[in-house]
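Participant: Once you've had a glance at the structure underneath, I'll fire off some questions.
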Amino acid sequence: MSVGTGGEYWKDKGLPSVFKHELLKRYLPQFGGMTGSHSQDGRVVYLDGYAGEGRYENGDAASAEIALRVSSHFRAKRGLTLECFFTEPQQKSFEKLNRVVEHYRAGCPRTLTVARSTAFSMA
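Using the working numbering, the first residue of the sequence shown is number 33, and each one after it goes up by one.
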């Protein structure tokens, strides 16, 4: 299970999150666009195993919403599909994440999946 994502975590971004979000903003469109343009059906799968709440309390996008924005852009501008799968083990975070995803689901109901998971290990 992820640790350190309770309490104050979702109030504002810390340095590791800023770094992660910048990476996603720059890498996901490049990689997804390149990969999707060479895939047979123009589809790329994005999986976030510990997606968190999707958005910070101040309204800033967290990693899940960043992926959702990229997915919307791909569909509208490039004709590609970024199929997003989000899992989150913490019930409270899962509920908030699901609300963020619902906002984007209207435009692509079959390409967004949210699941509440339990912790797993790859032993």
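Glycine residues also receive a C-beta, built at the ideal position from the N, C-alpha and C atoms.
Can you give me the Cβ contacts of ASP80 inside the same chain, cut-off strictly under 8 Å, excluding the 5 residues immediately before and after it?
Facilitator: The answer, listed in chain order, is SER95, ALA96, ALA99, CYS116, PHE117, PHE118 and THR119.
Participant: Please classify SER103: is it buried, with 16 or more other beta-carbons within 10 angstroms of its beta-carbon, or exposed?
Facilitator: Its Cβ being crowded by 16 or more others within 10 Å, SER103 is buried.
Participant: Can you find a C-beta in chain B that's less than 9 Å from the C-beta of GLU127?
Facilitator: Note that chain B does not occur in the displayed structure, where there is just one protein chain.
Participant: Please name the residue in PHE106, GLY64, ALA93 and SER69 whose C-alpha comes closest to that of GLU54.
Facilitator: Here the closest residue by C-alpha is ALA93.
Participant: Since ARG87 contacts VAL132 with CB under 8 Å, what's their CB separation in whole angstroms?
Facilitator: Right, the Cβ-Cβ distance comes to about 5 Å (below 8 Å), so this counts as a contact.
Participant: Can you give the Cα-Cα distance for VAL50 and THR145, rounded to whole angstroms?
Facilitator: Answer to the nearest angstrom: the Cα atoms are 25 Å apart.
Participant: From GLY111 to GLY65, what does the alpha carbon distance come to, in whole angstroms?
Facilitator: Cα to Cα, the separation comes out at about 10 Å.
Participant: Out of ARG101, LYS124 and PHE106, which has the shortest C-alpha to C-alpha gap to HIS135?
Facilitator: Considering only alpha carbons, the answer is ARG101.
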